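Presented below is the structure to which this report refers.
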Amino acid sequence: MTLIRTLLIASLAFFLSSKSSAQTIETCFRSTSNDAIYACTLEIKRHQKSPNIGGLYSRRGSLWLMRAMYEEAISDFKEATRLNSEDIDAWIGLGSANLQLGHEREAIANLTEALRLDPSNKQARDWLDIAYAMRVRR
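1229 is the number of the first residue of the sequence shown in the working numbering; add one for each residue after it.
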């Protein structure tokens, strides 16, 4: 990491830490910028004992997924599903991130779980169809 990037991250972290929890939660869920990742991270640290923290991991996983940072996305989606096994969006995100890395077997398992929770979920069905198609090609 370059010195400039390190300084920018430190400045952003300081700026976000001075905001109220409500402001950083809003940034986490309403923005797609790098600020949103830092805001979600700050809120995860603030609320480690909260029963609703899984949603923060799921949101940050989605932000990582948008940036094609699949390993980070998988880590956050796994934590989200561990904390709330009924988080359909986390299961879909986990499946799509695994699929992007060529882990078809894991993706199929993740997306099947999402469909078990919501059999009519079109997004899960579409990703599952893609996963099966990719598996057949190999």
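Glycine residues also receive a C-beta, built at the ideal position from the N, C-alpha and C atoms. Owing to the predicted nature of the structure, the values given are computational and were not obtained by experimental measurement.
- Give every residue of the same chain whose Cβ lies closer than 7 angstroms to the Cβ of residue 1274, excluding the five residues on either side of it in the sequence, and list them in chain order. 1249.
- Item | residue 1333 beta carbon less than 8 angstroms from that of residue 1343 | With respect to residue 1333, residue 1343 sits apart: the two C-beta atoms are not nearer than 8 angstroms.
- Task: Please state whether DSSP places residue 1295 in a helix, a strand or coil.
- Result: In this structure, residue 1295 counts as coil in the three-state DSSP scheme.
- Item | Selected residue, minimal CA-CA separation from residue 1330, among 1261, 1285 and 1355 | That would be 1355, whose Cα lies nearest to the Cα of residue 1330.
- Excluding five sequence neighbours on each side, which residues of the same chain lie with their C-beta closer than 8 angstroms to the C-beta of residue 1320? Excluding residues within five positions, the ones whose Cβ falls inside 8 angstroms are 1338, 1339, 1342, 1349, 1351, 1352 and 1355.
- When the distance is taken between beta carbons, is residue 1314 closer than 8 angstroms to residue 1345? Yes. Within cutoff.
- Given a threshold of 16 other Cβ atoms within 10 Å of its Cβ, counted over all protein chains shown, does residue 1262 qualify as buried or as exposed? By the 10 Å Cβ count, residue 1262 comes out exposed.
- Give the straight-line distance between the Cα atoms of residue 1363 and residue 1300, rounded to the nearest whole angstrom. Roughly 23 angstroms between the two C-alpha positions.
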